[in-house]
Amino acid sequence: MTEALSNVLQMTAAAASVILMGVCGVCLCARLTRVMRGQENASGLTKEPFQIPLPFREMALAAAAAVLSRLALYALAYGFYRAGGGTQSFAGSFEALWTHWDVRHYLGIAKDGYTSVGDERLRLVFFPLYPAVTRVFSVFTGGRLFMAGTLVSLLASGVCAALLYDLANMHLGRRGARLAVAYFLLNPMSVFLACAYTEALFIALTLAAICLLRRGHPWGAALCGMASALTRMPGVIVSGLFIITFLARISKEGIRVKAALRCLAQVGLVFCGLFIYWFINWAVTGDAMMYMTYQKENWYQEAGSFWASTANTVHYLIFTFGDDDWLFTWGFQLLAMGYIYVLLAAKQKKLPFDLAAYSFVYVAVVLAPTWLLSGARYLYALATLPLLQAKIFESRTAHTVGLSVCAALLVVFTWGYTIAIAVL
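Shown next, in the form of structure tokens:
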């Protein structure tokens, strides 16, 4: 394929991403105007938080489904291992099958903390909460950090499913909540819920912040938002929900100094997670922004834009054709990007305004870094994605087909992560 044709395809993909995100952005601006005028409920709730019953039984079932489905993935991975000629027992092969890529960095931080010397200094780009929790849980695993990290992810995945059911039930009812949980657990990227990665903890904390805010506990929500920001950088985006809540009340209450200060304090509390991370950077290296230097020099990542990342993905999809990671890295990343752009443009109105705005900002932020390799995984951590997926079809048959495709891809990606070691 000629360079000229490649450039055309890159420009086309970038333009399409801008148009689709632009459509979503314009619609959200119009909705914000209605929210400010009191013509639209920002949270989408028709009842007061205390009037919404907590579906304990269904949440427990969702949590159980999350844990059991991850155990099934462990068994599936071992089946692939034995089919490929592996001879070790399940226990003997487990750690090797599931320890790849960032897992080693998180476990290294859990074991030794951060440092400013040697190759280990590069671990500073990884946020501290997940390895810290892993270190705490190692007390229950006899000091085995890998098992502790896996346990943290398993428990957090159960919390994710339970909280997702609660949130979806508020807005979509029981059928929609069940669909949302099914899409969440069958997403191909849900393989990372079974790994010692941050995804499960990050999503759980983000959902906890949203649900607590929904149920009238803004300070608890802000604390969870802070923990989310201490797990991964996009956690700070949760702060926007507090701003929207404040703006939505202006049409009824006017601008009150006390309410404005309370909102500012809650936003600041969320950002404390990031500030703590900056302080760790400063304490270890003397430079609060050293992680950005490491990201640029070793991962070629710096601030960019979602449209540039889209074009870059098309470029590498074309020029790495046939490589081992071609499908899992570039092919699926482009598919995930296109899917989320279309989903937001077409279905953002199905979400309450605050969650739709959160989704828009989250997507624009996580797809912005240059040399983006894990875009599909980052998009999976969008806590509101399963709600959008639950509303993408009205037909039960269409959902059955969609979930079947997701399940088939999850099987493939489980093999891709544990055996091919090509899923990032």
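Numbered according to my numbering, the sequence shown spans residues 29 to 452.
Every residue gets a Cβ at the ideal spot worked out from N, C-alpha and C, and that includes glycine.
Please state whether DSSP places residue i in a helix, a strand or coil.
i      : result
GLU325 : helix
ALA396 : coil
VAL54  : helix
TRP129 : coil
HIS245 : coil
PRO83  : coil
PRO156 : coil
LYS419 : coil
MET217 : helix
ALA267 : Reading the sequence as shown, one finds Ser at residue 267 and not Ala. Reduced to three states, the DSSP call for SER267 is helix.
VAL298 : helix
MET175 : helix
With a Cβ-Cβ cutoff of 7 Å, do residue i and residue j count as a contact?
i      : j      : result
THR226 : THR178 : no
THR412 : LEU383 : yes
LEU221 : ALA228 : yes
CYS434 : LEU101 : no
VAL453 : THR442 : In the structure as shown, the chain begins at 29 and stops at 452. Residue 453 is therefore absent and cannot be evaluated.
GLY268 : TYR406 : no
PHE168 : VAL180 : no
Is it right to say residue i is buried, meaning 16 or more other beta carbons lie within 10 angstroms of its own, or is it exposed?
i      : result
LEU99  : exposed
TYR319 : buried
SER454 : Since the first residue of the chain shown is 29 and the last is 452, residue 454 is not available in this structure.
ILE47  : exposed
TRP247 : exposed
ASP194 : buried
CYS57  : exposed
SER279 : exposed
ALA196 : buried
SER71  : buried
GLU39  : It is Met, not Glu, that sits at residue 39 in the sequence shown. When all chains shown are included, MET39 counts as exposed.
Which residue wins for smallest C-alpha separation from residue i, given the options the options?
i      : options                        : result
TYR369 : TYR390, ASP382, THR357, VAL187 : TYR390
PHE303 : GLN323, ALA257, ILE346         : ALA257
PHE230 : CYS57, GLY141, LEU410, MET39   : LEU410
TRP335 : LEU241, SER45, LEU191, SER34   : SER45
ILE80  : LEU89, ALA91, LEU241           : LEU241
LYS377 : ILE420, LEU438, GLY282         : ILE420
MET49  : TYR142, ILE238, LEU297, LYS375 : LYS375
ILE447 : GLY113, ALA436, CYS291, LEU200 : GLY113
SER185 : GLU86, ALA103, ALA92, GLY146   : ALA92
Please work out which residues of its chain come closer than 7 Å, Cβ to Cβ, to residue i, disregarding the five sequence neighbours upstream and downstream, and give them in chain order.
i      : result
PRO159 : TYR134, ILE137, ALA138
ALA41  : THR338, ALA339, VAL342
GLY332 : ALA396, PRO397, THR398
VAL393 : PRO262, ILE265
GLY430 : PHE421
ALA364 : GLY403, ALA404, LEU407
Go through its chain and collect everything with a Cβ distance to residue i's Cβ below 6 Å, but skip five positions before and after it.
i      : result
TRP399 : TYR328, GLN329
TYR211 : PRO414, GLN417
TYR106 : PHE118
GLN361 : THR341, GLY403, ALA404
PHE108 : TRP443, ILE447
Can you name, in chain order, every residue of its own chain whose Cβ lies under 8 Å from the Cβ of residue i, other than the five neighbours on each side?
i      : result
TYR322 : ARG149, LEU150, LEU152, VAL153
ALA88  : ALA190
LYS324 : GLU330
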